[in-house]
Amino acid sequence: MHRRLATILASGILALLTALAVASPAAAAVTPAQKLSVLSSWTQTSASSYNAWNSARLNRAPWAEYNFNWSTDYCSSSPDNPLGFTFNLSCFRHDFGYRNYKAVGQFSANKSRLDSAFYEDLKRVCATYNSVVRPACLSLAWTYYQAVNIFGSVAAVQQSDIDRAARMKADAEARARR
Numbered sequence: 017m018h019r020r021l022a023t024i025l026a027s028g029i030l031a032l033l034t035a036l037a038v039a040s041p042a043a044a045a046v047t048p049a050q051k052l053s054v055l056s057s058w059t060q061t062s063a064s065s066y067n068a069w070n071s072a073r074l075n076r077a078p079w080a081e082y083n084f085n086w087s088t089d090y091c092s093s094s095p096d097n098p099l100g101f102t103f104n105l106s107c108f109r110h111d112f113g114y115r116n117y118k119a120v121g122q123f124s125a126n127k128s129r130l131d132s133a134f135y136e137d138l139k140r141v142c143a144t145y146n147s148v149v150r151p152a153c154l155s156l157a158w159t160y161y162q163a164v165n166i167f168g169s170v171a172a173v174q175q176s177d178i179d180r181a182a183r184m185k186a187d188a189e190a191r192a193r194r
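In my numbering, the protein residues as written are 17 to 194.
Here it is in structure tokens:
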């Protein structure tokens with residue numbers, strides 16, 4: 017009887033230790049290759065890449081072990097939504113790519129693609145506006161892209177760039193009312 021009880025206890029202890037080992041953070045640690053793979057999949061130029069990133073942004077818990085940096089200042093010191101065009105999430109994803117590739121030491125190898133993804137995101141935003149104001153949105157998208165492509169930050173967007181797009185938008189709206 018004692019032998020049987022000892023066997024049952026030993027089996028239970030072994031099962032408990034196995035369960036603890038499986039649940040341990042060390043056993044589930046994300047490898048650098050896994051982190052880079054997810055990071056790459058979320059920073060491509062396609063709409064599906066943007067959608068996957070945005071889904072993860074809205075539900076971060078499953079990605080906690082990856083230790084991604086989700087901080088953002090959106091469009092830096094440039095308007096997040098210039099002239100009412102909603103650029104804030106495009107800027108957020110761009111920040112996400114910059115911050116996380118810098119953290120893993122792979123920024124310079126990915127900067128060009130991150131900037132291109134930013135521009136594609138901005139153009140998709142502009143596509144949601146009517147054809148009357150879309151040229152002004154696309155003009156701002158190009159300006160924001162050039163700022164990050166050349167200077168690495170949308171902070172380089174000048175008020176004169178926004179004023180030019182505002183005139184384009186106002187002129188187009190006035191022509192459409194005639």
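Glycine is no exception: its CB is placed at the ideal position from the N, C-alpha and C atoms.
- Shown here for Arg129: not one same chain residue has a beta carbon closer than 6 Å to its own, the five before and five after excluded.
- Around the CB of Asp111, 16 or more other CB atoms lie within 10 Å, so the residue is classed as buried.
- Under the three-state reduction of DSSP, Thr59 is assigned to coil, being neither helix nor strand.
- The Cβ atoms of Asn165 and Asp131 sit closer than 7 Å to each other.
- Taking a contact to require three or more Cβ pairs closer than 8 Å, the region 146-157 and the region 111-124 do not qualify as touching.
- When C-alpha distances from Ser94 are compared across Met184, Lys185, Asp177, Arg191, the shortest belongs to Asp177.
- With respect to the 7 Å criterion, Gly100 and Thr59 are not classified as neighbours on the basis of their beta carbons.
- Judged by DSSP secondary structure, Phe167 falls within the alpha helix (DSSP H) whose first and last residues are 150-167.
- Ser87 and Arg76 have their alpha carbons spaced roughly 12 Å apart.
- In the assembly as shown, Arg109 is a buried residue. Its beta-carbon has 16 or more other beta-carbons within 10 Å.
- About 7 Å separates the beta carbon of Leu105 from that of Asn70, a gap short enough to meet the 8 Å contact definition.
- Here Tyr117 is not near Tyr135, since their CB atoms are 7 Å or more apart.
- Between the C-alpha atoms of Trp79 and Thr144 there is a straight-line separation of about 30 Å.
- Cβ-Cβ separation between Ala63 and Arg140: approximately 6 Å, consistent with a contact (criterion under 8 Å).
- The beta carbons of Val149 and Ala190 sit no closer together than 7 Å.
- By the neighbour-count criterion, in which 16 or more other beta carbons inside 10 Å mark a residue as buried, Phe167 falls on the exposed side.
- Assigned with DSSP and collapsed to three states, Phe84 falls in coil, not helix or strand.
- Rounded to whole angstroms, Leu52 and Asn67 show a C-alpha spacing of 18 Å.
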